[in-house]
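A.B. asks: Protein chains in written order, with numbering that gives the first Met the number 0: chain R, 0 to 245; chain G, 0 to 245; chain L, 0 to 245.
All C-beta atoms, glycine included, are put in the ideal place defined by N, C-alpha and C.
Keep in mind that this is a model prediction, so the values were computed, not measured.
Please read through the structure below; I'll follow up with questions.
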Amino acid sequence: MILLFTDYGWQGAYAGQLKAAIYNRSKSALVIDLQHDAPIFDPRASAYLLASLIDFLPHEALVLAIVDPGVGNAARRPLVMKADGRWYVGPDNGLFNVIAKQAERVEFWRIDWQPAGLKKTFHGRDLFAPVAAMLDLGERPELSSLAAEKIGFADWPVELAEVIYIDNFGNAITGLKGSSVSTDMRIHMGEREVCFAETFSAVGEGEGFWHINANGLVEIAVNQGTAALAYNLKIGDPVYMYQSEV
Amino acid sequence: MILLFTDYGWQGAYAGQLKAAIYNRSKSALVIDLQHDAPIFDPRASAYLLASLIDFLPHEALVLAIVDPGVGNAARRPLVMKADGRWYVGPDNGLFNVIAKQAERVEFWRIDWQPAGLKKTFHGRDLFAPVAAMLDLGERPELSSLAAEKIGFADWPVELAEVIYIDNFGNAITGLKGSSVSTDMRIHMGEREVCFAETFSAVGEGEGFWHINANGLVEIAVNQGTAALAYNLKIGDPVYMYQSEV
Amino acid sequence: MILLFTDYGWQGAYAGQLKAAIYNRSKSALVIDLQHDAPIFDPRASAYLLASLIDFLPHEALVLAIVDPGVGNAARRPLVMKADGRWYVGPDNGLFNVIAKQAERVEFWRIDWQPAGLKKTFHGRDLFAPVAAMLDLGERPELSSLAAEKIGFADWPVELAEVIYIDNFGNAITGLKGSSVSTDMRIHMGEREVCFAETFSAVGEGEGFWHINANGLVEIAVNQGTAALAYNLKIGDPVYMYQSEV
């Protein structure tokens, strides 16, 4: 099973060509579009978002993740990671670092395998997709072991006090874990602040709150409303959480 | 075969996690994204839209439908319906009522099955998806029979004289059935009105008309144009159909 | 394997119903969404875009392509094409003409097969999808051979010096082939012009350039930016390429 996590968007043929390339190698593949609107050109925000999703994936699922692969940039090697038994395939731009930091056991490889006539501009279709298909089939493309300290952006923390994603409903997802904060804390945004509520229907219509979302992250929301508009939030905005004064 | 009908949108990982949760239970599942932009927070409009689609689905297809599940609202029980041989899984918020009203034979169950550690905010992934996967596999999760009169919003009519959906092309789909109206009727919208035409190409470019769409509903359209803009239509707007004076 | 290329968009149930109709005929089908935002109502631009994608599809993939099928327009017959061994199913509105012109061996058929009770407004679901499923299964629906000179719009050239698509990142894809131009050429857009660069990271952030995209077409892009906004480009705009003066 191969799960796709990209910043390609649903527009164009990018995600479609990625899938066609996988099936070209493996007609028995099971490919699932996990998310195609990862924060665009933003492997850092994407790394925290992706890390929040992996607990809910089938155990055997391989993750093919591509966000801003920086094609043509020699510093960004194509990477395979195995973390706690799961394969990850994608660029070495930090995208897998939050998962790596939380894993009990992690290994890295540089992808040495190259297709005949690799285009410089679509590594997803021409390099990453075939490698993902091979690993999913139990085959082993040419890889070179990489020491963990050679992986880029290894200094990123396990949590990020920033907005990392605005969802379809205008909810603002942060890189903070619900397990690290206390429900009597408030989030301050300029002159305004929101308190914790367990569910959307626990507050009035149009009322803002923060909650721990279904993937375990702190999320700012408005019941039947749009938090991103109400509080003017965008990806990268810092998030200030304070203990409420009683 | 499991067909998904939700208001999750294609953005984010919501639809992707729903699918991953199904495949987590059933690797042999065949999952089809039927529609992910059902009228948001609007189970009433969605109920008429969904009812118009079921005649065109494979006989054995199970429908997993999630629109505004009102998580945390005790009045909205998780529901299984079997109508004319087809399974439906989703919230008890009226979403299946139009289908139920038109079915010859319908049964309802409350879902008693609960996963370990159910999150309050993503019943789709954690409750509805596994139940759909189990039913699709021929397994039987824990269910309690529910009397039809205990189902919410049972007073909704079989047709709705309102705009229930604006499609990608700006066509305004109504909850009125083509089989209930006559082709010499007109639809009045403020100062303007449109007549019936059988197809888009039967009227001039930029000209408005109403027709019976491919799912049997009355739809307001403009040839090579955008009816929603031309007539300022949105979901919930009333639709007035009159017999033309000859 | 059936690949879908349409202008339906991801919104609504159009693409979903297309897939449900295929699986209704063939539960063993493998259906891939290649692209659902082909240039809307624009079979000409779509024909150049589709032609750029076929080299990267699995050999056995059938292409089901539907762009502005002009339902109700008698001149637009439902068509099956076989070009260099691959099946294509869709309307006779020029959509396959660029592929045909480049193929070594091409045959055309008119689709005579009709479902019981064909709706006039959704040939995709009711006519094209079942025919694609039948051909994919190795079955033969009723077809009549068509002479190549009877196909519509046969005078379209193999390349088109126009913008044919604006992608999710704002890159402007043209109908010109990279193999036909020289990398010392410039593209003029009003008062501005861009030079060739091999990759995005070969130019500075915010800088415009043209490159040969991963499908072999000339594409106007801005590194970490939005070419369509920067140069005010839209589908159909002419593209002027000149030899640079040294």
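Apply the 10 Å Cβ neighbour rule to Asp125 of chain R and answer buried if 16 or more other Cβ atoms are within range, or exposed otherwise.
C.D. replies: buried
A.B. asks: Taking Cβ to Cβ, would you say Arg185 of chain G is nearer than 8 Å to Tyr241 of chain G?
C.D. replies: Yes.
A.B. asks: Is the number of C-beta pairs between the region 204-223 of chain G and the region 41-54 of chain G that are closer than 8 Å three or more?
C.D. replies: yes
A.B. asks: Hey, Val202 of chain R and Phe195 of chain R: beta-carbon distance below 8 Å or not?
C.D. replies: no
A.B. asks: Would Gln34 of chain L count as contacting chain G if we go by Cβ distances under 8 Å?
C.D. replies: no
A.B. asks: Just curious, the beta strand (DSSP E) that Pro90 of chain R is in, first and last residue?
C.D. replies: Arg85 to Pro90
A.B. asks: If you drop the 5 nearest sequence neighbours on each side, which residues of the same chain put their C-beta closer than 7 Å to that of Phe127 of chain R?
C.D. replies: Excluding sequence positions up to five before and after Phe127 of chain R, its CB lies within less than 7 Å of the CB of Leu63, Ile65, Pro77, Val88 and Gly89, all in the same chain and listed in chain order.
A.B. asks: Using a 10 Å radius around the Cβ and a threshold of 16 neighbouring Cβ atoms, would you call Thr182 of chain R buried or exposed?
C.D. replies: Looking at its Cβ environment, which holds fewer than 16 other Cβ atoms inside 10 Å, Thr182 of chain R is exposed.
A.B. asks: Since Ala229 of chain L and Val221 of chain L are thought to touch, with beta carbons under 8 Å apart, how far apart are those beta carbons, to the nearest angstrom?
C.D. replies: 5 Å
A.B. asks: On the criterion of 16 or more Cβ atoms from any shown chain inside 10 Å, does Arg139 of chain G qualify as buried, or is it exposed?
C.D. replies: exposed
A.B. asks: Do the region 34-42 of chain R and the region 5-15 of chain G meet, that is, are 3 or more Cβ pairs less than 8 Å apart?
C.D. replies: The region 34-42 of chain R makes contact with the region 5-15 of chain G: 3 or more CB pairs, one atom from each, lie closer than 8 Å.
A.B. asks: Taking C-beta pairs closer than 7 Å, name the residues in chain G that Trp108 of chain L reaches, listed in chain order.
C.D. replies: Neighbours of Trp108 of chain L on chain G: none; closest Cβ ~23 Å, over 7 Å.
A.B. asks: If we require 3 or more residues per run, which beta strand (DSSP E) segments fall completely within the region 21-49 of chain G?
C.D. replies: Correct list: 30-34.
A.B. asks: Short of 6 Å in beta carbon distance, which residues of its chain neighbour Ile234 of chain G, apart from the five on each side in sequence? Order them along the chain.
C.D. replies: These residues qualify, in order along the chain: Pro38, Ala44 and Val162.
A.B. asks: Quick check on the DSSP output: the beta strand (DSSP E) that includes Leu175 of chain G runs from which residue to which?
C.D. replies: Ala171 to Lys176
A.B. asks: Using 8 Å as the threshold, is the C-beta distance between Ile219 of chain R and Gly15 of chain G below it?
C.D. replies: no
A.B. asks: Output the distance between the C-alpha atoms of His122 of chain G and Leu61 of chain R, rounded to the nearest integer angstrom.
C.D. replies: 24 Å
A.B. asks: Check whether the Cβ atoms of Ala46 of chain R and Phe95 of chain R lie closer than 8 Å to each other.
C.D. replies: yes
A.B. asks: At 7 Å on the CB atoms, spell out the chain R contacts of Pro57 of chain L, in chain order.
C.D. replies: Ala19, Tyr22 and Asn23
A.B. asks: Check Pro140 of chain G in the structure and name its three-state DSSP category.
C.D. replies: coil
A.B. asks: Please name the residues in the region 40-54 of chain L whose beta-carbon is closer than 7 Å to at least one beta-carbon of chain R, in chain order.
C.D. replies: Leu52
A.B. asks: Could you give the C-beta distance for Arg104 of chain L and Asp135 of chain L, rounded to a whole number, given that I count them as a contact under 8 Å?
C.D. replies: In fact, because the Cβ distance is near 20 Å, the residues do not count as touching under 8 Å.
A.B. asks: Using CA coordinates, which residue listed in L:Ser178, L:Ser179, L:Ala171 and L:Lys176 is at the minimum distance from Val193 of chain L?
C.D. replies: Sorting L:Ser178, L:Ser179, L:Ala171 and L:Lys176 by C-alpha distance to the C-alpha of Val193 of chain L places L:Ala171 at the top.
A.B. asks: Is Gln16 of chain L close to chain G, meaning its C-beta is less than 8 Å from at least one C-beta of that chain?
C.D. replies: yes
A.B. asks: Secondary structure at Gly123 of chain L, three-state DSSP: helix, strand or coil?
C.D. replies: helix
A.B. asks: For Val62 of chain L, report the span of its alpha helix (DSSP H) as first-last.
C.D. replies: Per DSSP, Val62 of chain L belongs to no alpha helix (DSSP H); it is in the beta strand (DSSP E), Leu61 to Ile65.
A.B. asks: With H, G and I counted as helix, E and B as strand and the rest as coil, what does DSSP make of Glu161 of chain G?
C.D. replies: In this structure, Glu161 of chain G counts as strand in the three-state DSSP scheme.
A.B. asks: Tell me which residues share the same chain as Pro57 of chain R and place their Cβ nearer than 8 Å to its Cβ, disregarding the 5 neighbours each side in the sequence.
C.D. replies: Met0
A.B. asks: Indicate whether at least one CB of chain R lies closer than 8 Å to the CB of Ile31 of chain L.
C.D. replies: yes
A.B. asks: Alpha carbon to alpha carbon, how far is Pro42 of chain R from Leu142 of chain R? Give it in angstroms, no decimals.
C.D. replies: 23 Å
A.B. asks: How is the alpha helix (DSSP H) around Val202 of chain R delimited, first residue to last?
C.D. replies: No alpha helix (DSSP H) contains Val202 of chain R, which DSSP labels as neither H nor E.
A.B. asks: Taking 8 Å as the CB-CB limit, is Gln223 of chain G close to chain L?
C.D. replies: With 8 Å as the cut-off, Gln223 of chain G counts as an interface residue toward chain L.
A.B. asks: Return the first residue and the last residue of the beta strand (DSSP E) that Leu216 of chain L is part of.
C.D. replies: According to the DSSP assignment, Leu216 of chain L belongs to the beta strand (DSSP E) that extends over Leu216 to Val221.
A.B. asks: Find the nearest neighbour of Ala147 of chain L within the set L:Leu3, L:Asn231 and L:Lys100, judged by alpha-carbon distance.
C.D. replies: Per the Cα distances, L:Lys100.
A.B. asks: Would Gly177 of chain R and Ala227 of chain R be called neighbours here (beta carbons separated by less than 8 Å)?
C.D. replies: no
A.B. asks: Check the Cβ-Cβ distances between Gly131 of chain R and every residue of chain L, and say whether any is below 8 Å.
C.D. replies: Correcting the residue type first, residue 131 of chain R is Ala in the shown sequence and not Gly. Not one chain L Cβ lies under 8 Å of Ala131 of chain R.
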